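Its first residue numbered 1, the sequence shown is counted upward by one per residue in full-length UniProt numbering. The structure appears below as structure tokens.
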Amino acid sequence: MKYEIKAVDNRAKSATMETVHGTVETPLFMNVGTVAAIKGAVSTDDLKEIGCQVELSNTYHLHVRTGDKLIKEFGGLHEFMHWDRPILTDSGGFQVFSLAKLRKIKEEGVAFNSHIDGRKIFMGPEESMQIQSNLGSTIAMAFDECPPALAERKYIEESVARTTRWLQRCKVEMDRLNSLEDTINKEQLLFGINQGGIIDDIRISHAKAISEMNLDGYAIGGLAVGESHEEMYHILDVTVEHLPKDKPTYLMGVGTPINILEAVDRGVDFFDCVYPSRNGRHGHVYTNCGKLNLFNKKYELDKRPIEEGCNCPACRSYSRGYIRHLLKANEMLGMRLCVLHNLYFYNTMMSEIRTAIRENRYTEYKNNKIRTMLEGSK
Ligand SMILES: [Zn+2]
Numbered sequence: 001m002k003y004e005i006k007a008v009d010n011r012a013k014s015a016t017m018e019t020v021h022g023t024v025e026t027p028l029f030m031n032v033g034t035v036a037a038i039k040g041a042v043s044t045d046d047l048k049e050i051g052c053q054v055e056l057s058n059t060y061h062l063h064v065r066t067g068d069k070l071i072k073e074f075g076g077l078h079e080f081m082h083w084d085r086p087i088l089t090d091s092g093g094f095q096v097f098s099l100a101k102l103r104k105i106k107e108e109g110v111a112f113n114s115h116i117d118g119r120k121i122f123m124g125p126e127e128s129m130q131i132q133s134n135l136g137s138t139i140a141m142a143f144d145e146c147p148p149a150l151a152e153r154k155y156i157e158e159s160v161a162r163t164t165r166w167l168q169r170c171k172v173e174m175d176r177l178n179s180l181e182d183t184i185n186k187e188q189l190l191f192g193i194n195q196g197g198i199i200d201d202i203r204i205s206h207a208k209a210i211s212e213m214n215l216d217g218y219a220i221g222g223l224a225v226g227e228s229h230e231e232m233y234h235i236l237d238v239t240v241e242h243l244p245k246d247k248p249t250y251l252m253g254v255g256t257p258i259n260i261l262e263a264v265d266r267g268v269d270f271f272d273c274v275y276p277s278r279n280g281r282h283g284h285v286y287t288n289c290g291k292l293n294l295f296n297k298k299y300e301l302d303k304r305p306i307e308e309g310c311n312c313p314a315c316r317s318y319s320r321g322y323i324r325h326l327l328k329a330n331e332m333l334g335m336r337l338c339v340l341h342n343l344y345f346y347n348t349m350m351s352e353i354r355t356a357i358r359e360n361r362y363t364e365y366k367n368n369k370i371r372t373m374l375e376g377s378k
């Protein structure tokens with residue numbers, strides 16, 4: 001892996017990252033395909049057309065349904081879902097703690113019941129790395145605990161200390177798996193995850209501790225889980241500067257276009273979020289003048305595309321009025337067109353962000369973009 005910073009504009013950075021599955025440019029948005037499918041009937045061929053650089057799938061979901069061993073039989077996720085660009089797999093930690101039932105945390109890992117069929121499963125750092133190795137993703141995420149943002153200090157301290165010990169075990173196991181004969185991607189990368197709720201000194205000391213472990217990239221987890229936007233930006237202000245600048249910085253699960261613009265300004269260059277596909281499935285579409293709800297009656301006779309000048313497959317051919325009709329008639333095409341537009345909007349915004357950083361005018365770009373989005377949604 002080669003990560004090379006191409007431009008810096010205040011704290012914002014733009015880089016290229018070379019991987020065994022091709023080179024990507026940051027800042028970038030990873031398009032979320034939790035169960036190896038982008039919700040809204042979007043295929044991996046569609047992803048190429050809308051400018052997606054990295055696809056993201058989930059360890060927990062693929063392990064409990066269909067199974068990573070079966071996917072390994074297909075030659076890994078890339079072959080299975082027909083995608084030849086980078087894939088990042090989330091470790092399953094967040095889902096074990098948010099979805100699974102009856103979980104019990106021990107030093108070794110977490111015992112829990114599958115949310116699909118109640119089956120008993122055990123997942124620790126080694127199991128998570130083994131599953132991600134079977135999936136053969138480009139980037140594997142460390143197995144961590146995401147403590148509730150508002151948990152007590154003592155709980156967060158103990159949880160973060162365990163997450164650090166788990167990270168060391170992830171690294172040892174990843175090195176072992178990458179050296180095995182039948183491993184699909186022997187150059188699988190490992191990103192560590194910073195935790196610490198919204199407590200500054202825990203975030204900082206954890207960032208320093210994991211920075212010493214020479215990982216391929218560093219994520220900030222446990223945000224956008226109920227804290228305010230100001231609290232999230234504050235945690236980025238105090239934490240990002242303690243993570244290695246010469247490695248990718250990934251803010252997990254964030255966020256709205258404005259959240260992304262603010263986080264880029266604080267040095268983050270990898271993002272993922274379910275908002276564009278989830279909102280699209282409900283007829284909510286992003287534009288440079290704010291979000292529209294296509295179910296609204298005022299779009300009934302609207303012959304304009306979702307956004308004038310947008311080059312996505314929905315806007316190139318269809319009107320707001322037609323897409324509204326599809327949504328009202330519960331036709332899957334309505335959902336699909338909205339999701340395609342929203343993902344295209346996010347990917348295009350990332351491309352504009354990269355250009356603005358490289359032209360040293362990021363602050364101006366960000367302020368204009370936020371102003372027009374806020375004014376339009378009034
Ligand atoms: Zn469009």
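In this text, a Cβ means the ideal position worked out from N, Cα and C, and glycines have one as well. Source: prediction; values computed, not measured.
heavy atom of ligand 1 below 7 Å from residue i C-beta
i: Cys312; result: yes
i: Cys315; result: yes
i: Tyr344; result: yes
i: Ile306; result: yes
i: His284; result: no
i: His234; result: no
i: His341; result: yes
Residue i vs residue j beta-carbon contact at 8 Å
i: Cys312; j: Thr372; result: no
i: Gln188; j: Ala149; result: no
i: Asn194; j: Ala219; result: yes
i: Leu62; j: Gly33; result: no
i: Pro244; j: Cys170; result: no
i: Phe29; j: Met232; result: no
i: Glu145; j: Ile105; result: yes
i: Phe97; j: Gly109; result: no
i: Arg65; j: Ile116; result: yes
i: Gly51; j: Tyr344; result: yes
i: Ile204; j: His242; result: yes
i: Arg162; j: Glu107; result: yes
i: Phe112; j: Arg103; result: yes
i: Thr19; j: Met1; result: yes
i: His251; j: Val268; result: Before going further, note that residue 251 is Leu rather than His in the sequence given. Yes, they are a contact pair.
i: Gly280; j: Leu327; result: no
i: Ala36; j: Phe80; result: yes
i: Pro305; j: Tyr286; result: no
i: Gly253; j: Asp237; result: no
8 Å contact criterion, which residue i and residue j should meet: CB distance rounded
i: Phe270; j: Thr249; result: 7 Å
i: Gly321; j: Tyr299; result: 6 Å
i: residue 388; j: Leu215; result: Because the chain is modelled from 1 through 378, residue 388 falls outside the range shown and cannot be assessed.
i: Thr26; j: Ala15; result: 5 Å
i: Ser277; j: Ile38; result: 6 Å
i: Arg324; j: Leu294; result: 5 Å
i: Ile353; j: Asp9; result: That belief does not hold up - the Cβ atoms of Ile353 and Asp9 are roughly 10 Å apart, past 8 Å.
i: Tyr3; j: Asp246; result: 7 Å
i: Ile173; j: Met213; result: With the sequence shown as reference, residue 173 is identified as Glu, and Ile is not the correct amino acid for it. Their Cβ separation, rounded to whole angstroms, is 14 Å, which puts Glu173 and Met213 out of contact at 8 Å.
i: Asp302; j: Ser317; result: Contact doesn't hold; Cβ gap of about 15 Å is too wide.
i: Ile202; j: Glu157; result: 6 Å
i: Pro147; j: Gly255; result: Incorrect: roughly 19 Å between the Cβ atoms, too far for contact.
(message) I'd like to know if the region 333-349 and the region 28-46 are in contact, where contact means that at least 3 CB-CB pairs between them fall below 8 Å.
(response) With the cut-off at 8 Å, the region 333-349 and the region 28-46 touch.
(message) Contact between the region 361-376 and the region 252-269 is defined here as three or more beta-carbon pairs at a separation below 8 Å; is this criterion met?
(response) Touching, yes.
(request) Answer yes if the region 89-103 comes into contact with the region 128-140, meaning at least three C-beta pairs across the two stretches below 8 Å, and no otherwise. (result) Taking 8 Å as the limit for Cβ pairs, the verdict is that the region 89-103 does touch the region 128-140.
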